[in-house]
Every structure is written in structure tokens, then in C-alpha cells.
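Undergrad: Structure in C-alpha cells, see below.
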């Protein structure tokens, strides 16, 4: 049996984007992947955004049971170093810590829809984001992540960030 592939998803508040990505990857392939999510210290939300919960419930995906976390908490608590850190917010890309094990990084930039004023639009945008993330994550889990050309896999994971 192969070890699980660790993936950390990063967004500013860890209340919507990264939660959707963590929940989706956990839903798609919990046996091969270990997903976690986090946000920027001092900016992390106290709870998950209602639109994230609504999107996950509408897609029949379980909501993560942990509270939003900072990347300092995740970097300290990761038992096995992650193989990938996927940043979902370009504004946090240069501020992240040195991750244990030096995982490969990728930017899959998504807009910060959680800050919107219209709850209906935020809910709609969260569902659209979940659909987009699911497409990217389905392609991620189809990649030959073990035993293949590491540089090619790294490039493929980064290229997924350019999908529309």
C-alpha cells in the first residue's frame, strides 16, 4: 500500500476557498490523499463561511469538522510532510512559511467571493468555485503522482491553475 499524498490548500481566511478544496479532495479520494487547509495568521476566520457550508451540503460533501486554522498551526501539526501546497489566493503566496519537507507549490488563484455584499451572489459563486475546484482535483488525482517524472508532475499541477 502506498502512503497517502498530502496536499495543503491555502487561502487568506481559511473559511471558503481552501475549505471547499479540502472537502472536495477528501470526498473524491480519501484513500490516496490527505487534504488539509489553512489561512494567513491574523486573518483566519472564526468559522466557515455560510456559502462554503451551503455549497458543500448541496454537493453532498461533508463539511470538515475542524475550525479554520492558520498555516502556522498546520505547519506544526502535519505529521507527514505534504507533497503539494496549493495556494488559492495569490495575495498569500509570498507570505507563507517554509513548509516541512519542501513540498511542490502551485497557484490556483480564485477570487475572494466571501467578502461580497450580496449573500445570494456569494452562495452562487461558492457553488461555481466548488465545480471548478472539482474539475481541477479530478485531474490532479488522475496524474501519475508516484513513480513518474517529478518535474513533469510538478508542471502538470501548476498548469491546472490555468484551467477555466
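Numbering (full-length UniProt numbering), first residue to last: 1 to 164. Here a beta-carbon is modelled for each residue, glycine too, at the ideal position from N, C-alpha and C.
#1: Below 8 angstroms on the Cβ atoms is my contact criterion, and I expect residue 6 with residue 83 to pass it. Report the Cβ-Cβ distance as a whole number of Å.
#2: Measure from the alpha carbon of residue 28 to the alpha carbon of each residue in 77, 131, 12, then state which is nearest.
#3: Kindly indicate which residue of 42, 49, 18 has the alpha-carbon position closest to the one of residue 110.
#4: When we look at the beta-carbon of residue 40 and count the other beta-carbons within 10 Å, is it buried (16 or more) or exposed?
#5: Can you give me the C-alpha to C-alpha distance between residue 31 and residue 25, rounded to a whole angstrom?
#6: With 16 as the cutoff for other CB atoms within 10 Å, does residue 92 come out buried or exposed?
#7: Express the C-alpha separation of residue 58 and residue 156 in angstroms, rounding to a whole number.
#8: Do residue 22 and residue 33 count as a contact pair if the criterion is CB distance below 7 angstroms?
#9: Nearest-angstrom Cα distance between residue 3 and residue 12?
#10: If we ignore side chains and look at the alpha-carbon of each, how far apart do residue 144 and residue 152 end up?
#11: Nearest CA to the CA of residue 35: which residue from 127, 115, 141, 114?
#12: Write down every uninterrupted run of the beta strand (DSSP E) in the UniProt domain "Phosphotyrosine protein phosphatase I" (5 to 143) whose length is 3 residues or greater and which is fully enclosed by it, in chain order.
#13: Here's the rule I'm using: 16 or more other beta-carbon atoms within 10 Å means buried, otherwise exposed. How should residue 183 be labelled?
#14: Among residues of its own chain, excluding the 5 on either side of residue 20, which ones have a beta-carbon nearer than 8 angstroms to its beta-carbon?
TA: Quick look at the numbers:
#1: Stepping through the chain shown from its first residue, residue 6 is reached at position 6. Stepping through the chain shown from its first residue, residue 83 is reached at position 83. So it is a contact: roughly 6 angstroms between Cβ atoms.
#2: The residue you call residue 28 lines up with position 28 of the chain shown. Measuring from the Cα of residue 28, the nearest candidate turns out to be 131.
#3: By 1-based counting over the chain shown, the position of residue 110 is 110. For residue 110, the closest alpha carbon among the candidates 42, 49, 18 is that of 18.
#4: The residue you call residue 40 lines up with position 40 of the chain shown. Residue environment: residue 40 is assigned as buried (16 or more neighbouring CB atoms within 10 Å of its CB, all protein chains considered).
#5: As a position in the chain shown, residue 31 is number 31, starting the count at 1. As a position in the chain shown, residue 25 is number 25, starting the count at 1. In this structure, the CA atom of residue 31 is about 10 angstroms from the CA atom of residue 25.
#6: Residue numbering aside, residue 92 sits at position 92 when the chain shown is read from its first letter. Result: buried.
#7: Numbered from its first residue, the chain shown carries residue 156 at position 156. Numbered from its first residue, the chain shown carries residue 58 at position 58. The C-alpha of residue 156 lies about 30 angstroms from the C-alpha of residue 58.
#8: As a first step, residue 33 is located in the chain shown; it is residue number 33 there, counting from the start. As a first step, residue 22 is located in the chain shown; it is residue number 22 there, counting from the start. No, these two residues do not count as a Cβ contact at 7 angstroms.
#9: As a position in the chain shown, residue 3 is number 3, starting the count at 1. As a position in the chain shown, residue 12 is number 12, starting the count at 1. Computed Cα separation, rounded: 29 angstroms.
#10: Looking up residue 144 in the chain shown gives position 144. Looking up residue 152 in the chain shown gives position 152. Note on geometry: alpha-carbon atoms of residue 144 and residue 152 lie some 10 angstroms from one another.
#11: Within the chain shown, the letter at position 35 stands for residue 35. Per the Cα distances, 141.
#12: Unbroken beta strand (DSSP E) stretches of 3 residues or longer found wholly inside the UniProt domain "Phosphotyrosine protein phosphatase I" (5 to 143): 5 to 10, 33 to 38, 84 to 87, 104 to 107, given in chain order.
#13: Nothing can be reported for residue 183: it is not among the residues displayed for the chain, which extend from 1 to 164.
#14: To locate residue 20, count along the chain shown from 1; it is residue 20. Excluding its 5 nearest sequence neighbours in each direction, residue 20 has C-beta neighbours in its own chain below 8 angstroms: 52, 55, 56, 126, 129, 130, 133, listed in chain order.
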